[in-house]
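Colleague: Would you mind keeping the following structure in view while I ask a few things?
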Amino acid sequence: MPPSGPRITKGDGKMNKILRNLKLAKKLLIGPVAVSLFLLLLAGGTYHGLTSQKAAMDDIYNNRFQGYQNSSEISRTITNVHANLYKVVSWAGANYEAAKVEALGKEQKASIEKSIAFVQNIQKSDQVTPEEKKLYETTLAQLRAYQEPALGLLDIAAADVNGAALFMTVTDEKYLALGKTLSDLMALENRLSKENYESSIRSSNQLMSVFAVVLVVVIVSAIAINLIMARLITRPVKESVEVIKKVAEGDLTQDIRVLSRDEIGELAESVNTMRKKMGEAVGQSMAISSVLSDSSSQQAASIEETSASLDEMASMTRRNADNTSEANNLMVTVREAIEKSNKAMTELTRSMTDIARASEETQKIIKNIDEVAFQTNLLALNAAVEAARAGEAGAGFAVVADEVRNLALRATDSAKNTANLIQDIVNKVRGGEKLVSVTNDAFGSVISSAKKVQELMEEIAAASKEQSDGIHQINGAVAEMNRVTQQNAANAEELASVMATFRVEGVYKAS
Amino acid sequence: MKKVWIGLLIVALAAGFAFAQAKGTTKEAQAMLAKAVEFYKANGQAKAFAAFDDTKGKFVDRDLYIYVADMNAKILSHGANPALIGKNLIELKDTDGKLFMKELVDKAKTSPSGSVDYKWTNPTSKKVEAKTVFYQKVGDVILVCGAYK
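Sequence order for the protein chains is A and B.
Note that the first sequence covers residues 1 to 511 in this note's numbering.
Note that the second sequence covers residues 1 to 149 in this note's numbering.
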C-alpha cells in the first residue's frame, strides 16, 4: 500500500487540520502571536481605561472642582455682601457718615454685579452640564432677586434706616434661597465629581477585573496553545521515533502515520519511503543471503568431497607410481625369466630331439616285443593243439597254453598300443619342436615387448610422479579453497542470521 | 463728639415736640390724596411726580406725603424718600411681617380706592410707626397717602 500523499486522519475539525498542516515555523509562531494579540488587547483596554481615568480626572478637576470653586466663590462673595448689608444698616442706624455708608454700599453693589457677571460668564462656558445650567439659571435669577432688595436697602439706608431694615428681611430671604441654590450647586458638583470618581473607580475596578480575567485567559490560553502546538509537533515526532526505533530493531513493517503536511510530515514521508526501500532491499538481501548461505554450505560440502577425492586420487596416484615401478621391476624379472625360459626351451628342444631318438629306438624294441609276442602266440597255439591231443593229461597244459596265448595277445596289443603311443609321442615331439620354435620366436617378441613395456612403465612412473606432485599442489589449493569456502559459508550463515533479525513486508525471492 | 451727640439730641427732642402736635390726621391724608389725584389727572404723570417728589412742595405736609406705585408695587414717586423711587417693594414686610405693598396692590386690583394698615418709618420722627394709608388707583398707577397714628 504505497502512501498516495500524506494520509490525514479523518473526522477531525477543519481548524485542527489547518493547524496540523501549518509549517513548523508558523506552528511555533502561533503561541507568541496569540499572546501578542492578547497583550495588544490588554494594552488597548489599559489605554482605554487610562484615557477614561484621565477624562474623569480632567472633569473632576477642571469642571467639578472649578464649579465647586465657582459656587463657593459666589457664596463667599454674597455672604460677604450680606454681612456688609447688615453693616450698612447698622452704620446707617448709628448715623455713620453718609459718604462712608454710601461707599460701603457701592462696594456691595459692585460685588453683586460682579457675581452676576461671574455667573453669566460661567453660563457661557460649554463645559456646563444641563443640570448645572439649570442651577446657574436659578442662581442668576436669585442673584438678581437678591440684588433688587439689596439695592433698595442700600439706596434708602441713608434716608430711612428702618426701611432698609425691612429690605434686609427681604434680602435675608433671598440670601437664604440663593445660599440654598449655591449649596445645591456645590452638592451637585460634589455629587457629580463623586459619581465621576465612583464610576472611574468602578471602571478602574472593572478594568482590573477584566485585566485579571484577560490575564488569566491569556496565561491559560497561551499555555493551552503552546501545549496543543507542542503536542501537534511532538506527537508525529514521537510516532516517527517509535517507527524509526522499530526500524533500528529490524522491524521494517511499520509505517509512520503521516498526520501533518509540515516538515515533520515530510520527514515521516521520507522515513516511510526510506523504510519501504530499505524493506525491499533487506527483503531481497534476506532472500539472497539465505540462498548464499545454502549454496555456500553446498559448495563447502562439495569442496570437502573434492578434497577427499583428491586425497584419494593422490594416494592412488602414489600407489600407481609405486605399482608402476614395481611392475617395472617385475618386468625385469619377467625378462630374466623369459630369457631363462628361452634357454630352457633350447634345452627342451634338445631333450625333445633326444626323446624322439629314444622313441625311435623304443619303437624298434617294441617291434621286437611284437615279434616275440607273435612267436609266443604261435607257440601257444601249437601247445594248445598238442594239449588237445594229449587229452586229459594235457587239459592242464591246455589252460596254461591258453593263458600264454592271452598274454601273447595282450602283449601284442600293448606293443601295438605302445607303438602307437610312441608314434604319437614322436609326432607330438615333432609338433613340440615346432611349437618350441614358435614359442622361441614368441619369447623373442615377448622380450622386445617386455623391453618396451619396461620403457613405458618408466614413463608412466615419471608421469605418475608428476601427476602426484600436481595433485599435491591441487590439494593445497583446494584446501585453501576449502578454508575460504568454509569462511564464506560461516559468513553467509552469519549474514543470514543477521538478516533474520529483520522483519519485512511481503515475500522476497532471490532473482 | 459729645457735643455733636448732645446737639443732635436737642434738635431731635425739639423737633419731636414741635411736630408732635403737627401730625397729619387721616382726614388730612385723604384730602391730600384727593388733591394729588386731581393734580395727577390735571397735569399728567411727569409733572405730578415732580410735584409729589418735591419735599418742599405742597404735597409734603409734616408727616404726610404722597407716593405712587405701579401695579407691581414698584415705586414711581415718593415724597418722603426719593431713594425708594424705582424700587419694587412687593416683597417688603413691615415689622409685623405683613406684606403691606402686596396687600395694597391686590386691593387696588379689586377696588380702585381703599386703605391699608401697616407700620413704616415716620419721616419726621424717624421711627417705625403704625399708619393707615389711603389709595386711589388712577389708570395703572396707585396714588397713596397715609397718616401715622
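From the three backbone atoms N, C-alpha and C, an ideal C-beta is built for every residue, glycine too.
At 7 Å on the CB atoms, spell out the chain B contacts of A/Thr169, in chain order.
Modeller: Lys93
Colleague: Looking at the C-beta of B/Val68, does it have a partner C-beta in chain A at a distance below 8 Å?
Modeller: no
Colleague: Rounded to whole angstroms, what's the CA-CA distance from B/Val133 to B/Val116? Just pull it up for me.
Modeller: 5 Å
Colleague: Does B/Ala14 have its Cβ less than 8 Å from a Cβ in chain A?
Modeller: The pLDDT assigned to B/Ala14 is 49, lower than 50, so where the model puts this residue is not dependable; a value taken from the coordinates is nonetheless given after this. Answer no: the Cβ-Cβ gap between B/Ala14 and chain A never drops below 8 Å.
Colleague: Using a cut-off of 7 Å between C-beta atoms, extract the partners of B/Thr121 located in chain A.
Modeller: Asp160, Asn162, Gly163
Colleague: Anything in chain A within Cβ reach of B/Val128, meaning under 8 Å, just list it in chain order.
Modeller: Asn162
Colleague: Between A/Lys27 and A/Val271, what straight-line distance do the alpha-carbon atoms span, to the nearest angstrom?
Modeller: 22 Å
Colleague: If you measure from the beta carbon of B/Leu64 to each beta carbon in chain A, is any gap under 8 Å?
Modeller: no
Colleague: Measure the C-alpha to C-alpha separation of A/Asn475 and A/Ser309 and round it to an integer number of angstroms.
Modeller: 10 Å
Colleague: Run through DSSP, which three-state label would A/Thr46 get?
Modeller: helix
Colleague: Could you give the distance in angstroms between the alpha-carbon of A/Lys416 and the alpha-carbon of A/Asp370?
Modeller: 8 Å
Colleague: Against A/Gly179, what residues of chain B qualify as contacts under a CB-to-CB distance less than 9 Å, listed in chain order?
Modeller: Simply none; closest approach about 17 Å.
Colleague: Leaving out five residues before and five after A/Thr349 in sequence, what residues of the same chain have Cβ atoms less than 7 Å from its Cβ?
Modeller: Correct list, in chain order: Glu433, Val436.
Colleague: Evaluate B/Tyr118 with the Cβ neighbour count: other Cβ atoms within 10 Å of its Cβ, from every protein chain shown; 16 or more gives buried, anything less gives exposed.
Modeller: By the 10 Å Cβ count, B/Tyr118 comes out buried.
Colleague: Please identify the residue among A/Ala401, A/Leu143, A/Glu131 whose C-alpha is closest to the C-alpha of A/Gln120.
Modeller: A/Leu143
Colleague: Can you have a look at A/Asp160 and say buried or exposed, based on whether 16 or more other CB atoms are within 10 angstroms of its CB?
Modeller: buried
Colleague: Just reading off the beta strand (DSSP E) that B/Phe59 is part of, what are its end residues?
Modeller: It is not in any beta strand (DSSP E) - B/Phe59 carries neither H nor E in the DSSP assignment.
Colleague: State yes or no: is the C-beta of B/Leu89 within less than 8 Å of the C-beta of B/Met71?
Modeller: No, Cβ-Cβ distance for B/Leu89 and B/Met71 is not below 8 Å.
Colleague: What do you get for B/Ser179, buried or exposed, if any count of 16 or more other CB atoms within 10 angstroms of its CB means buried?
Modeller: In this structure chain B extends from 1 to 149, so residue 179 of chain B is not present and cannot be described.
Colleague: With 16 as the cutoff for other CB atoms within 10 Å, does A/Asn406 come out buried or exposed?
Modeller: When all chains shown are included, A/Asn406 counts as exposed.
Colleague: Please classify A/Gln127: is it buried, with 16 or more other beta-carbons within 10 angstroms of its beta-carbon, or exposed?
Modeller: exposed
Colleague: With DSSP run on the structure shown, which of helix, strand or coil describes B/Val141?
Modeller: strand
Colleague: Evaluate A/Pro130 with the Cβ neighbour count: other Cβ atoms within 10 Å of its Cβ, from every protein chain shown; 16 or more gives buried, anything less gives exposed.
Modeller: Looking at its Cβ environment, which holds fewer than 16 other Cβ atoms inside 10 Å, A/Pro130 is exposed.
Colleague: Taking B/Ala36 as the reference, which of B/Ile85, B/Val138, B/Lys149 has the closest Cα?
Modeller: B/Val138
Colleague: How about A/Ala150 and A/Ala92: are their beta carbons less than 8 Å apart?
Modeller: no
Colleague: Round the Cβ separation of A/Ala300 and A/Ala461 to the nearest angstrom and send it over; I've been treating them as touching at under 8 Å.
Modeller: A/Ala300 to A/Ala461, Cβ: 36 Å. No contact.
Colleague: Quick test of your reading: A/Ala233 and A/Leu24, contact by CB under 8 Å. State the CB separation rounded to the nearest angstrom.
Modeller: Residue 233 of chain A is actually Ile in this sequence, not Ala. The Cβ separation is near 7 Å, so the contact holds.
Colleague: Around the Cβ of B/Asn122, are there at least 16 other Cβ atoms within 10 angstroms (buried) or fewer (exposed)?
Modeller: buried
Colleague: Under DSSP, the alpha helix (DSSP H) around B/Ser77 begins and ends at which residues?
Modeller: Looking at the DSSP string, B/Ser77 is not in any alpha helix (DSSP H); the run it does join, the beta strand (DSSP E), is 75 to 78.
Colleague: Taking 8 Å as the limit between beta carbons, can you name the residues of its chain near A/Ser52, skipping five residues before and five after?
Modeller: Excluding residues within five positions, the ones whose Cβ falls inside 8 Å are Ser200, Ser203.
Colleague: Any beta-carbon of chain A closer than 8 Å to the one on B/Lys150?
Modeller: Outside the shown range of chain B (1 to 149) lies residue 150 of chain B, about which nothing can therefore be said.
Colleague: Using a Cβ-Cβ distance cut-off of 8 Å, determine whether A/Leu50 contacts chain B.
Modeller: By this cut-off, A/Leu50 is not an interface position.
Colleague: Per the DSSP calculation, A/Asp251 is bridged to which residue(s)?
Modeller: A/Arg503
Colleague: For A/Gly152, would you say it is in contact with chain B, using Cβ-to-Cβ distances shorter than 8 Å as the test?
Modeller: For A/Gly152, the answer is yes, since a Cβ of chain B falls inside 8 Å of its Cβ.
Colleague: Across the segment 279 to 291 of chain A and the segment 25 to 33 of chain B, are there enough close Cβ pairs to call them in contact, namely three or more that are closer than 8 Å?
Modeller: no
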